[in-house]
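*Asks:* Got a structure here, written out as structure tokens. Questions coming.
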Amino acid sequence: PTNRQFAENFTTHYADLAARDQVFADMQNVFDLALVAALIRQERLADKVGWDLGTFGPQGEFRPAQHVVPKEIDSVVNHKVYNGKDIVVQVAGGVRADLLAVAQDAKLSQESAELTGVAKTAAAPKLPAGRWWWDAAK
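In the working numbering, the protein residues as written are 320 to 457.
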């Protein structure tokens, strides 16, 4: 129960942690990006809109850095002494994200109107091969 309470409290106050410490903000961004990727894959969104994933697809040029995934990490220990003699110790460590469970949670899902296409004002400009949209002004 104590570890569960710690995890729930950590999750509840995660935004505060992210505001105070950049590493938590970075981790939130990683989880957000991973959730978007999981939704794109799970819902086959790329197929539905005819996107071949381009640079980010299996045959694309982008190759993310790969690192050895640790099997274990250092734990964080917290303790408190009561009445000068009783010690309560809590040990926590690791991060786990079940992104598909989040993506499939009906309580978190919102229906929105169907997209009927790209708005003319939102369409990327026609650019030569190898030129990114943000370089359009050059």
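Glycine residues also receive a C-beta, built at the ideal position from the N, C-alpha and C atoms. Because the structure is a prediction, the values reported are computed rather than measured.
Is the CB-CB distance between A337 and F343 below 8 Å?
*Replies:* Residue mapping note: residue 337 aligns to position 18 of the sequence shown, counting from 1. Residue mapping note: residue 343 aligns to position 24 of the sequence shown, counting from 1. Result yes, Cβ atoms of A337 and F343 sit closer than 8 Å.
*Asks:* Express the C-alpha separation of D335 and F325 in angstroms, rounding to a whole number.
*Replies:* For the purposes of this step, residue 325 is identified with residue 6 of the sequence shown, where counting begins at 1. For the purposes of this step, residue 335 is identified with residue 16 of the sequence shown, where counting begins at 1. If I take the Cα positions, the gap works out to 15 Å.
*Asks:* Quick one, are the C-beta atoms of I392 and H398 less than 8 Å apart?
*Replies:* What you label residue 392 is simply residue 73 of the sequence shown in a count that begins at 1. What you label residue 398 is simply residue 79 of the sequence shown in a count that begins at 1. Cβ distance not < 8 Å, so I392 and H398 don't count as in contact.
*Asks:* Between the alpha carbons of M346 and D417, how many angstroms are there, rounded?
*Replies:* Reading the sequence shown from its first residue, position 27 is the one you call residue 346. Reading the sequence shown from its first residue, position 98 is the one you call residue 417. Answer to the nearest angstrom: the Cα atoms are 15 Å apart.
*Asks:* What separation, rounded to the nearest whole angstrom, lies between the Cα atoms of R415 and A448?
*Replies:* On the sequence shown, residue 415 is found 96 positions in, with the first residue counted as 1. On the sequence shown, residue 448 is found 129 positions in, with the first residue counted as 1. Those two C-alpha atoms are separated by around 40 Å.
*Asks:* In terms of residues, what are the limits of the alpha helix (DSSP H) holding V421?
*Replies:* Position 102 of the sequence shown, counted from the first residue, corresponds to residue 421. Segment 418 to 423, the alpha helix (DSSP H) holding V421.
*Asks:* Check whether the Cβ atoms of V396 and V408 sit closer than 8 Å, and answer yes or no.
*Replies:* Counting from one through the sequence shown, the residue named residue 396 turns up at place 77. Counting from one through the sequence shown, the residue named residue 408 turns up at place 89. Yes, they are a contact pair.
*Asks:* Ignoring anything shorter than 4 residues or poking outside the stretch 364 to 419, list the alpha helix (DSSP H) runs there in chain order.
*Replies:* Segments of the alpha helix (DSSP H) lying fully in the stretch 364 to 419: 364 to 368.
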